[in-house]
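2 protein chains.
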Amino acid sequence: MKVAIAVFLHAAVALAAPSRKTKCRPAAPGLPMVVREDNVIDLTHEFNENNSYYPSHPYPFQFTEKLAGKLGNLFFRNNYYRQPEHFGTHIDAPNHFFKDGVPIQKVRITGHLIGEGYLINMKKNGERLGADSLVTIEDIRKFEKEYRGRIRTGGIVLIYTGYGEQFYNREVYMGTNMTGLEAIPFLHFPGLDPKAADWLITNRCIGAIGIDTVSIDYARATDAGSHIYLSRAGVPIFENVAHPDKVAEYGKKFKVIALPQKITDGSGAPTRIIAVMNRKE
Amino acid sequence: MKVAIAVFLHAAVALAAPSRKTKCRPAAPGLPMVVREDNVIDLTHEFNENNSYYPSHPYPFQFTEKLAGKLGNLFFRNNYYRQPEHFGTHIDAPNHFFKDGVPIQKVRITGHLIGEGYLINMKKNGERLGADSLVTIEDIRKFEKEYRGRIRTGGIVLIYTGYGEQFYNREVYMGTNMTGLEAIPFLHFPGLDPKAADWLITNRCIGAIGIDTVSIDYARATDAGSHIYLSRAGVPIFENVAHPDKVAEYGKKFKVIALPQKITDGSGAPTRIIAVMNRKE
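Chains U and Z, in that order, give the protein sequences.
Per the numbering used here, the very first residue in the first sequence carries number 2; after that it's consecutive.
Per the numbering used here, the very first residue in the second sequence carries number 2; after that it's consecutive.
Laid out in structure tokens, this is it:
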């Protein structure tokens, strides 16, 4: 009986635990990079009132007070602002869609915010991806074939749909100019198939994922499937990523550095994201 | 006559232009670094209501609305906040104290936000620097002697006064618990001598400077001297820098990566600052 239990336990452990170990390539022991004048690409949109934002938010980034002038002989500027956490180029912390997920300040820098970058280019013949499309497991496998290598543990995958170019044009970026909850049925933009999110987590052990749309889930999603898989796995999400086109033009190999504002118990935060390109190809 | 003018012009160019060229070491053609699990130090305080902040600000970072709960079957969190630009670990853009200075979104990443790091350790026998003290040119020269090398063009100088350890204790960090403009006469904390700021700009062509106090100018300054020199020279300032002690413990050589929120026409912004250490010494 003891033997049977031991065998059963062993089998259970073998089934439950090792999927990440066996299917994931070991993380690199270190990420070498060289920062030069010409190889840094800023993947961040400017934060201002004109950013497109998810229509459930009651207001965009706004200066609440702008002070500028002279104090005696001194000229100074000094402003105040308010914003939704999930606004502009930002991070979703794992606690956004998972009760026990880590908040912003606890997202680890190595492993989740700095990593080997992988750009999945979904544009076809210069056209952006269809508004109601999903990026699938097949698309990622195709990317790996072209890239000639698997996405490694801790990798930061950036999905390039082509939507980012219209970030300041709400109607084109999101499908409607409307705001408020009543806008939601009219949203149209592509996203990541939840099955592909699960696959990237389970089989590639990614560190983070980003997209050049307002949400990792496509507009027509009803279950926030990719958000939930990623949140549960502790994988942060970057949304409204800017200028993946510049990465595509430069080359294939790069590192991503994504540093969010370190808000105590935040579920999201403005994030400055840059690519450090390996070398011109 | 033509000759005389040519000679005069040549002399004028020779006098006006080269001071930065002759006194500054050339910038490195590239900054190599290796990001590993054990060599990244987060130099950023968490943003929350308990941060010490300059008393002229009417309020600290605050969540204005915290949403958490279920939407059908989905659990989610989603928050809103307001804050002064010059709050927590943040950047002062050159437009903060100079009318024609560049705003946040135009501060160049290479040359100003990523650079070779230099830690000027002003603690003596474990004691933090005196509350009304200034870091002088002599202190910097002494640092260079110990470091065995000059601060290079584009270098990011971090001043370690020992105040950061008390960041959440306003009275100890700033000299008073009071808020509002009436608190200003009671502030006490050290800072950078404006002469040293000018010297670092002119003779070392630094890219940026940071300090583990609430202001690069010491509390008793009446002319914002260091702010003005640095703003005029286009050199960003990082204030409320966290954990320089961890850098000091690790070693001497490191890179700094400081990525601010990219606020259109901001004069300051929350900034995530990290050190990437070269190797354990």
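Think of the CB as a built atom: it goes at the ideal place given N, C-alpha and C, for glycine as much as any other residue.
Inclusion of I238/Z and Q106/Z in the CB contact set at 8 Å is not warranted, their separation being larger than that value. In the DSSP secondary-structure assignment, Y81/U is bridged to E66/U, P85/Z. Listed as beta-bridge partners of V35/Z by DSSP are P33/U. F99/Z belongs to the set of residues whose beta carbon lies under 8 Å from a beta carbon in chain U.
Around the beta carbon of A259/Z, a 10 Å sphere encloses 16 or more other beta carbons of the protein chains shown; the residue is thus reported as buried. The shortest CA-to-CA distance from R142/U to any of S134/U, E128/U, G181/U, M123/U is the one to M123/U.
Bridge pairing for K71/U: F76/U [DSSP]. Residue-level contact by beta carbon fails for D218/U and chain Z, as no gap is shorter than 8 Å. Taking 8 Å as the CB threshold, F77/Z lines the interface with chain U. At a cut-off of 8 Å between beta carbons, Q167/U makes no contact with chain Z.
No Cβ of chain Z is located within less than 8 Å of the beta carbon of V242/U. R273/U has L260/U as its beta-bridge partners, per DSSP.
For P191/Z, the closest C-alpha among the options G269/Z, L72/Z, T137/Z, I274/Z is that of T137/Z. Nearest to V36/Z by C-alpha distance, out of V257/U, N126/U, F76/U, K196/U, is V257/U. For G118/U, the enclosing beta strand (DSSP E) covers residues 115-122. The shortest CA-to-CA distance from L32/Z to any of K67/U, T45/U, G116/U, V41/U is the one to V41/U.
The criterion of a C-beta distance shorter than 8 Å is not satisfied by R233/Z and F76/Z. Taking a cut-off of 8 Å for Cβ pairs, the region 63-83 of chain Z and the region 141-161 of chain Z do not touch, as fewer than three such pairs fall below it. At a Cβ-Cβ threshold of 8 Å, G155/Z and A276/Z do not count as neighbours.
Contact between G269/U and H87/U holds, since their C-beta atoms are separated by about 4 Å, short of 8 Å.
Counting only Cβ-Cβ distances below 8 Å, T265/Z has contacts in chain U at E47, F48, N49, in chain order. As the crow flies, the alpha-carbon of H228/U is around 41 Å from that of P30/Z. Residues G208, A209, P237 of the same chain have their beta carbon placed closer than 7 Å to that of H113/Z, with the five preceding and five following residues left out of the count.
With a threshold of 8 Å between beta carbons, N279/Z makes no contact with chain U. Separation of R26/U and N51/Z (C-alpha to C-alpha, rounded to the nearest whole angstrom) is 42 Å. A Cβ-Cβ distance of about 18 Å is found for the pair G165/U and P56/U, leaving them out of contact under the 8 Å criterion. For T214/U, the three-state secondary structure derived from DSSP is coil. DSSP, read as helix, strand or coil, puts H91/Z in strand. When C-beta distances to chain U are compared with 8 Å, every residue of the region 197-219 of chain Z stays at or above that value.
Under DSSP, V173/Z takes part in no beta bridge, so it has no partner.
Secondary structure at D246/U: helix, using DSSP grouped into helix, strand and coil. Residue-level contact by beta carbon fails for R171/U and chain Z, as no gap is shorter than 8 Å. Within chain U, the C-beta atoms nearer than 8 Å to that of R273/Z come from L260, P261, Q262, K263, R273, in chain order. Non-local beta-carbon contacts of K24/Z in its own chain, meaning distances under 8 Å to residues more than five positions away in sequence, involve T203, N204, R205, C206 in chain order. At the C-beta level, V173/Z and Q167/Z come within 8 Å of one another.
Chain U places no beta carbon closer than 8 Å to that of M175/Z, leaving this residue out of the contacts.
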